Amino acid sequence: MAGAARYKQIVDQIAAAIRAGDLAAGTQLPTHRELARTHRVAVATATRVYAELAAIGLVGGEPGRGTFVLDQHGYHGIDAERTLPVTRIADLSFNQPLAVDQTAQLRNALREIAGSGTLDSLLYQHPPAGRSHDRAIVANYLLDRGIDVAPDQVVLTHGAQHGIDTVLTATTRPGNIIAADTLTYPGLLLAANAHRLEIAPIPQAGVGPDLDALEHLCRTRPIRAIYTMPTVHNPLGWTLNADTRHRLADIATTHDCLIIEDGTYAFLDNTAPLPLQHYAPDRTFYLASLSKSLATGLRFGFTVAPTTHRRALETSLRASTWGTTPLITALATTWIADGTLTHWEKARRADARHRQHLAHTALHTLHYTAHPTSQFGWLPLPPHLRADTTATHLAHTGILVTTADTFTTTTHPPHALRLALASPPLTQLPTILNHIHHTINTIPG
Ligand SMILES: Cc1ncc(COP(=O)(O)O)c(C=O)c1O
């Protein structure tokens with residue numbers, strides 16, 4: 015075991031240096047013998063290290079010449095860029111929940127819209143943040159989430175990712191620092207990178223962020239905003255208690271940081287304490303969407319802005335898309351107003367609970383953790399396994415999962431997988447999960 019762990023450490027170290035660009039494409043790596051000497055391991059261990067790095071596509075051996083770093087251009091983790099040798103059979107890398115009767119529901123809703131007298135209004139450009147009655151429908155819906163705001167504080171977006179981007183455009187400048195959990199939503203990392211922002215990791219303490227560490231971070235560095243998912247954190251599944259929320263809001267207030275509260279998965283926990291927006295309404299942007307409750311393809315979301323930032327948010331919307339598509343907005347607000355959304359939220363919670371039960375049953379000998387009504391779970395791997403090789407093994411059998419490095423804000427992600435449970439048909443899920451369990455128990459370390 016000690017040998018296995020040592021070999022894994024060396025692989026991690028070299029893999030991190032390659033991914034960080036410290037070892038550029040084309041760099042010749044030490045011979046097996048040199049590597050063994052440097053790390054004080056057996057030559058066989060060094061050979062195993064290179065074999066592993068080759069298996070995950072980071073290095074290549076050239077006969078008679080040595081081992082070289084391969085071009086990593088385009089490497090974004092297993093779910094994004096790699097071509098799979100098999101047809102996809104199960105995608106546990108992305109949640110796309112959809113029930114069979116939703117197609118009929120869409121057909122009916124489109125028919126109703128087609129028959130309505132206001133059809134021509136959908137051919138006109140709407141105001142950037144949305145028409146006032148559409149914003150009022152969303153504001154009314156948000157009351158159930160404990161958010162009580164005027165409709166003009168609600169800005170309609172093309173989903174939560176667009177909400178994040180819009181908030182960053184409105185509130186940050188290149189070089190600003192955003193504090194985010196050490197494991198966080200990858201879309202934030204993409205957007206922060208595009209905006210040339212620095213991410214300062216907030217360490218984890220138990221089931222939540224380490225607030226002493228956050229306080230220290232805010233005291234010692236000019237943190238512009240804290241990005242947080244207090245309810246059903248992606249990927250770790252935690253829901254923060256009221257005291258933690260209160261303190262987090264206090265820290266932001268004391269150090270004059272904005273809060274970006276991502277409530278995309280919050281509908282899955284309807285017993286959660288009040289959102290951070292309640293504790294710090296003057297500095298919190300609350301954003302969410304209908305992607306995980308109704309359909310990912312809708313591309314409809316909303317962001318609640320503090321009154322002082324309302325205008326800036328509208329300006330940044332103009333700069334990107336000039337607001338949402340009227341037809342989609344009509345569809346989404348109809349479904350919010352007539353209770354369809356609430357119906358599906360409830361159904362999704364029940365479905366997620368069922369899927370979690372299946373996951374706990376299939377993976378009971380491993381350290382699988384999840385929120386009881388979450389659409390995903392977190393699977394730390396046994397110490398002898400690497401996340402990328404395990405994911406590659408699974409991919410070769412047609413099962414896609416996401417590795418921890420996709421979510422990390424540090425250079426040393428844990429060896430863990432995030433399993434998105436909501437996409438495969440419920441009937442197939444036990445087989446898929448049993449297969450994952452079997453793979454983890456049988457692949458060599
Ligand atoms: C935490 C979180 N925020 C935002 C998003 C983006 O969602 P949308 O599809 O609404 O852009 C996702 C999507 O998976 C997510 O997990």
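Here the sequence shown is numbered in this note's numbering, starting from 15 and rising by one per residue.
In this text, a Cβ means the ideal position worked out from N, Cα and C, and glycines have one as well.
Note that this is a predicted model, so its numbers are computed, not measured.
Please classify R102 as buried or exposed, where buried requires at least 16 other C-beta atoms within 10 Å of its C-beta. Here the model assigns R102 a pLDDT of 48, short of 50, so the residue's position is not dependable, and the following value carries that caveat. With fewer than 16 Cβ atoms within 10 Å of its Cβ, R102 is classed as exposed.
C-alpha gap between T343 and A309, whole angstroms: 14 Å
Note down, one range per segment and in chain order, each alpha helix (DSSP H) of at least 4 residues found wholly within the segment 200-230. 200-208
Report the residue from L440, H140, R261 and G131 whose alpha carbon sits nearest the alpha carbon of D226. R261
Pull up the distance between the alpha-carbon of L355 and that of S307, whole angstroms please. 7 Å
Short of 7 Å in beta carbon distance, which residues of its chain neighbour G475, apart from the five on each side in sequence? Order them along the chain. Given a span of 15 to 459 for the chain in the structure shown, any question on residue 475 remains unanswerable.
Report yes or no: do three or more beta-carbon pairs, one from the segment 330-338 and one from the segment 248-263, lie closer than 8 Å? no
Judging by CA-CA distance, which residue of Q389, A104, S107 and L136 is the nearest neighbour of V246? Q389
Please name the residue, chosen from I213, T445 and E328, that lies closest to R145 on a Cα-to-Cα basis. Just measuring C-alpha positions, the residue of I213, T445 and E328 sitting nearest R145 is E328.
Does DSSP put Y138 in a helix, a strand or coil? coil
Three-state class that DSSP yields for L431 in the structure shown: strand
Do you know whose CA, among H452, L443 and T422, lies nearest L197's CA? T422
Is the beta carbon of L304 closer than 9 Å to that of F314? yes
beta-carbon D276 near ligand 1 non-hydrogen atom, thresh 8 Å: yes
Do the CB positions of R10 and P165 come within less than 9 Å of each other? What is shown of the chain runs 15 to 459, which leaves residue 10 out entirely.
Where does N248 land, buried or exposed, given buried means 16+ other C-beta within 10 angstroms? Label assigned to N248: buried.
Report whether the distance from the Cβ of L457 to the nearest heavy atom of ligand 1 is below 8 Å. The identity of residue 457 in the sequence shown is Ile, whereas the question assumes Leu. No; taking the cut-off as 8 Å, the Cβ of I457 has no heavy atom of ligand 1 nearer than that.
Can you find the residues in the same chain that come closer than 6 Å, C-beta to C-beta, to D3, ignoring five residues on each side of it along the sequence? Look at the range of the chain in this structure, 15 to 459, and you will see that residue 3 is not part of it.
Give the range of the beta strand (DSSP E) segment to which W392 is assigned. DSSP places W392 inside the beta strand (DSSP E), whose first and last residues are F390 to P394.
Counting C-beta neighbours from all protein chains within 10 Å, is the total for R210 16 or more, i.e. buried, or is it exposed? Here R210 is exposed: its Cβ has fewer than 16 other Cβ atoms, across all protein chains shown, within 10 Å.
Let's see if you can read the secondary structure: which residues bound the beta strand (DSSP E) around I273? L272 to D276
Alpha-carbon spacing of L120 relative to W349, whole angstroms: 10 Å
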